[in-house]
Amino acid sequence: MLWAPNPTRRPRRAVVLVAATVAVGVLAACEPTPPAPSTTTTTMTTAPTTTTTLAPKGALAPVEVHPTPGRRLQPGEVGVLAANAGWCWWQSQRAVIAGHTLLVGSVPNPSAAGGATDVSQVLGLDLATGAITSTDLSTNPYRNDDHNSPGLVVDPDGSVTAGWTGHNNDGTLRFASTAPGSPTAWQRAPDVVLPDLPAPARTSYVNLVRSQGLLFAFTRYNGRDRALWSADDGATWTGGWLLTGGPLDPDGTSPVRPYVQFAANPAKDRIDFVASTGHPKDTVRNALFSGYIRDLQVYRTDGTLVGPLATGEGYRPDQLTPIAAPTGPARPDVAAPYDQPDLWGSDLRVDAAGDPVVAYSLRTPDPSPARAGAFAHEYWWARWDGTTWTNRRLGAAGSELFASERDYTGLATLDPTDPYRVVASSDVSPVTGEPLVSRADGKVHWELYEARSTDAGATWTWRAITANSAEDNLRPLLAAGDGTTALVWLRGRYRSWLNWTTRALVVLGPPKTTALR
0 MLWAPNPTRR PRRAVVLVAA TVAVGVLAAC EPTPPAPSTT TTTMTTAPTT
50 TTTLAPKGAL APVEVHPTPG RRLQPGEVGV LAANAGWCWW QSQRAVIAGH
100 TLLVGSVPNP SAAGGATDVS QVLGLDLATG AITSTDLSTN PYRNDDHNSP
150 GLVVDPDGSV TAGWTGHNND GTLRFASTAP GSPTAWQRAP DVVLPDLPAP
200 ARTSYVNLVR SQGLLFAFTR YNGRDRALWS ADDGATWTGG WLLTGGPLDP
250 DGTSPVRPYV QFAANPAKDR IDFVASTGHP KDTVRNALFS GYIRDLQVYR
300 TDGTLVGPLA TGEGYRPDQL TPIAAPTGPA RPDVAAPYDQ PDLWGSDLRV
350 DAAGDPVVAY SLRTPDPSPA RAGAFAHEYW WARWDGTTWT NRRLGAAGSE
400 LFASERDYTG LATLDPTDPY RVVASSDVSP VTGEPLVSRA DGKVHWELYE
450 ARSTDAGATW TWRAITANSA EDNLRPLLAA GDGTTALVWL RGRYRSWLNW
500 TTRALVVLGP PKTTALR
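Take the sequence shown: its position 158, counting from 1, is numbered 157 in numbering that gives the first Met the number 0, and each next residue is one higher.
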């Protein structure tokens with residue numbers, strides 16, 4: 000059972016975590032000051048019969064790079080990657096390690112340090128020297144919005160491709176790439192302009208995946224999920240509908256918007272994905288489903304063929320393999336649609352055996368113990384065992400970030416090298432659910448925690464990464480490569496997807512942690 004009502008919840012006493020040995024937990028005082036200012040192609044294995052090739056648009060041009068001299072970070076040491084950064088979580092990959100360089104997709108906000116406006120960026124950290132770069136991929140014709148952050152993919156020759164778009168602004172997908180062995184030397188690639196439906200084309204998010212000799216770009220296109228694939232590194236693209244939330248409006252728009260996350264699965268030569276029924280605030284009892292793409296065919300995770308990728312209007316999420324659905328009665332004392340529980344994806348990875356692993360959140364109708372008017376959330380973990388999904392509760396996830404989006408948590412991320420390691424953000428203790436009142440300022444803040452399991456996910460042990468912070472710690476990312484892992488997160492204040500004042504922090508290798516009491 001994913002949720003049970005608790006109408007008699009007693010008020011919980013606030014807890015203050017002790018950070019005596021948590022070096023990262025006192026970041027507010029000890030953050031380092033930022034230093035002064037030819038891939039082969041493969042023929043598609045299934046010939047599309049009803050799709051069209053989209054004409055690329057835009058000439059190649061160099062983009063601006065802002066290098067910053069630095070020094071090499073020691074394992075466990077906290078560094079400032081950017082003084083002004085932000086990102087969404089529906090692009091992928093959000094952080095990668097290419098060669099000796101960590102790259103992170105980001106959008107700065109004009110209300111934060113530096114006041115950058117309408118820019119999509121890639122932040123870079125040279126793991127050997129500590130040099131930091133901030134590359135402006137483009138000045139967007141969009142409002143400032145964290146949905147404009149780019150997705151990244153490391154190409155077979157070691158180069159990196161980035162893709163981004165607006166937040167329902169137009170139908171243009173924008174791309175950039177680096178030269179092999181030069182992960183900070185970016186050049187713009189041709190744009191792709193999607194046609195009207197006849198409703199004006201509106202896209203959000205770009206998810207890039209390299210699989211089966213093709214470059215895939217997945218985007219939400221007027222409420223449906225569109226797959227594009229290229230056999231010539233983005234010179235030309237072919238497209239097909241992947242998912243739709245249900246019956247289409249006459250103008251071709253899907254009023255129900257599935258939210259989808261993707262992961263390459265090299266062990267099984269396919270792309271795994273997880274989809275929600277829709278947006279939690281628009282869907283009653285939002286559930287999660289899974290499938291994969293191989294040879295341009297869509298399958299349930301159990302191996303049942305759903306149909307070709309290149310034809311039709313898109314498949315419904317409930318045609319895929321169910322992962323989990325929220326249970327429990329509605330609360331009569333809570334206004335709809337929040338009187339019933341909802342699920343939403345947080346992260347998707349594939350383990351070494353090729354089995355998908357998911358982290359997701361559950362919003363209950365119960366009140367949050369940390370903030371008046373907010374709801375109580377939980378983090379959950381699920382793994383496909385070859386025949387079914389095993390779901391386990393990780394711990395309490397605390398409150399939503401702001402009132403206009405009741406299902407926005409601080410987020411959880413999975414270690415790409417270890418499916419039994421999770422880093423999560425919460426404003427309550429994940430173990431006790433008690434509010435995290437900081438000794439620094441007497442206020443409740445979101446802190447970072449690490450969860451590990453040694454029994455295949457049956458039980459989890461939590462340790463604090465940050466504690467007693469004077470600001471919030473949000474939206475963690477984990478990337479792996481070059482013999483290390485990197486933890487990146489946002490520190491500051493997130494008021495909405497349009498307004499944030501956060502900087503990006505980074506730790507290489509295992510962060511210093513302390514056990515919870």
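C-beta atoms are modelled at their ideal positions from N, C-alpha and C, and glycine is treated no differently.
Can you tell which of Arg284, Val443, Glu377, Arg362 has its C-alpha closest to the C-alpha of proline 429? Glu377
Environment of glutamine 92 [buried if 16+ CB atoms lie within 10 Å]: buried
Could you check which residue in Glu449, Asn390, Glu470, Arg405 has the C-alpha nearest to that of alanine 457? Asn390
Bridge partners for aspartate 346 per DSSP, in chain order? Ala358
Taking C-beta to C-beta, are valine 192 and glutamine 90 nearer than 8 angstroms? no
Taking the beta strand (DSSP E) that phenylalanine 288 falls in, what are its first and last residues? 287 to 293
Measuring alpha carbon to alpha carbon, tell me which of Pro355, Pro415, Lys280, Val487 ends up nearest threonine 300. Pro355
I'd like the list of long-range same chain contacts for histidine 444, defined as Cβ closer than 8 angstroms, with 5 residues on each side in sequence excluded. Asp426, Leu435, Ser437, Ser468, Ala469, Glu470, Asp471, Asn472
Under the three-state DSSP convention, the category proline 325 falls into: coil
Asparagine 390: first and last residue of the uninterrupted beta strand (DSSP E) it sits in: 388 to 397
Sheet register partners of arginine 187 (DSSP bridge): Ala175
State yes or no: is the beta carbon of glycine 385 nearer than 8 angstroms to at least one beta carbon in chain C? As a matter of chain content, chain C is missing from the structure shown, which is built from one protein chain.
With respect to the beta strand (DSSP E) encompassing phenylalanine 374, which residues constitute its N-terminal and C-terminal limits? 374 to 383
Once the 5 residues before and after proline 47 are set aside, which same chain residues still bring their CB inside 6 angstroms of it? With a pLDDT of 25 at proline 47, under the threshold of 50, the modelled position of this residue cannot be trusted, and the question is left open.
Which residues share a DSSP beta bridge with tyrosine 337? Paired residue(s): none; tyrosine 337 is not in a bridge.
In whole angstroms, what is the alpha-carbon distance linking arginine 187 and alanine 455? 44 angstroms
Residues in the same chain with beta-carbon distance under 6 angstroms from valine 255, minus the five sequence neighbours each way, listed in chain order, please. Gly244, Gly245, Gly277
Run through the segment 395 to 455 for me and flag every whole beta strand (DSSP E) of 3 or more residues, listed as ranges in chain order. 411 to 414, 417 to 425, 446 to 451
Apart from the five residues on each side of it in sequence, which residues of its chain come closer than 7 angstroms, Cβ to Cβ, to serine 452? Tyr419, Thr458, Trp459
Measuring CB to CB, does leucine 122 end up less than 8 angstroms from alanine 84? yes
Could you tell me the alpha carbon to alpha carbon distance between valine 505 and aspartate 332, rounded to whole angstroms? 42 angstroms
Which value, in whole angstroms, describes the spacing of the CA atoms of valine 62 and alanine 184? 8 angstroms
Given aspartate 248, which residues of its chain have a CB within under 8 angstroms of its CB, disregarding the five upstream and five downstream residues? Ala198, Pro254
Which same chain residues, not among the five before or five after aspartate 144, have their C-beta less than 8 angstroms away from its C-beta? Val106, Gly165, His166, Trp496, Leu497
Inter-residue Cα distance where the pair is glycine 170 and tyrosine 141: 12 angstroms
Can you tell me which of Ala503, Ala352, Leu515 puts its alpha carbon nearest to the alpha carbon of alanine 112? Ala503
Where does asparagine 147 sit, in a helix, a strand or coil, going by DSSP? helix
Within 10 Å of its beta-carbon, does glutamate 449 have 16 or more other beta-carbons around it, so buried, or fewer, so exposed? buried
Based on the DSSP secondary-structure assignment, which residues constitute the bridge partners of glutamine 260? Val273
Give me the DSSP bridge partner(s) of valine 152. Thr160
Are there 16 or more other CB atoms within 10 angstroms of the CB of glutamate 76, so buried, or fewer, so exposed? buried
How many Å lie between threonine 501 and proline 415 at the Cα? 25 angstroms
Are the beta-carbon atoms of leucine 476 and threonine 465 separated by less than 8 angstroms? no
Short check: CB of threonine 242 to CB of asparagine 285, under 8 angstroms? Here the sequence assigns leucine to residue 242, which means threonine is not the residue at that position. No, these two residues do not count as a Cβ contact at 8 angstroms.
Same chain only: Cβ atoms within 8 angstroms of arginine 209, ignoring 5 sequence neighbours per side: Val152, Val153, Asp154, Pro155, Phe215, Ala263
Which of the three DSSP states, helix, strand or coil, is assigned to proline 316? helix
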